[in-house]
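Position one of the sequence shown corresponds to residue 1096 (our numbering), numbered consecutively onward. Down below is the structure, laid out as structure tokens.
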Amino acid sequence: MNVSLSGMAQALTADEVLNKMSDDQRHGYISGIVDGYAYARWLSDRPDNTGSQCIYTWYYDGGAKKWRQIHQWFERHLDKPVDALLHVLIKKECGE
């Protein structure tokens, strides 16, 4: 059995997430990135969880208004990776 590792993994662009994923796929992908940022923030700040809670609150309590903000941001930067775009929004809201 041969395994090819010639292709490198790349972050998905905003265009791919907005235009090639279903709503469920999009939500799962973005939620995973947000959870990763929140966990990384908790690891860097522990035992203080203020930063990670800010990230969770920003995303999960934002509802339809938050999704519109994310969607508009992605539409303005279709060629950029989603994780970097989310980092900008999270940093603006919750700092580093």
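Just so you know, even glycine gets a beta-carbon here, dropped at the ideal spot from N, CA and C.
Enumerate, from N- to C-terminal direction, the unbroken alpha helix (DSSP H) stretches of 4 or more residues contained entirely within the region 1145-1191.
Complete alpha helix (DSSP H) runs here, min 4: 1145-1155, 1158-1171, 1177-1189.
Please classify arginine 1141: is it buried, with 16 or more other beta-carbons within 10 angstroms of its beta-carbon, or exposed?
Exposed is the call here.
Taking 8 Å as the cut-off, decide whether the C-beta atoms of tryptophan 1153 and glutamate 1111 are in contact.
It is not a contact, given that the beta carbons lie outside the stated cut-off.
Roughly how many angstroms lie between the CA atoms of alanine 1109 and glycine 1123, to the nearest whole one?
When rounded, the distance between both Cα atoms is 14 Å.
Please report the straight-line C-alpha distance between leucine 1113 and alanine 1106, rounded to a whole angstrom.
Cα to Cα, the separation comes out at about 14 Å.
Within 10 Å of its beta-carbon, does leucine 1138 have 16 or more other beta-carbons around it, so buried, or fewer, so exposed?
Exposed.
Find out if the Cβ-Cβ distance for the pair serine 1126, arginine 1136 is shorter than 8 Å.
No, Cβ-Cβ distance for serine 1126 and arginine 1136 is not below 8 Å.
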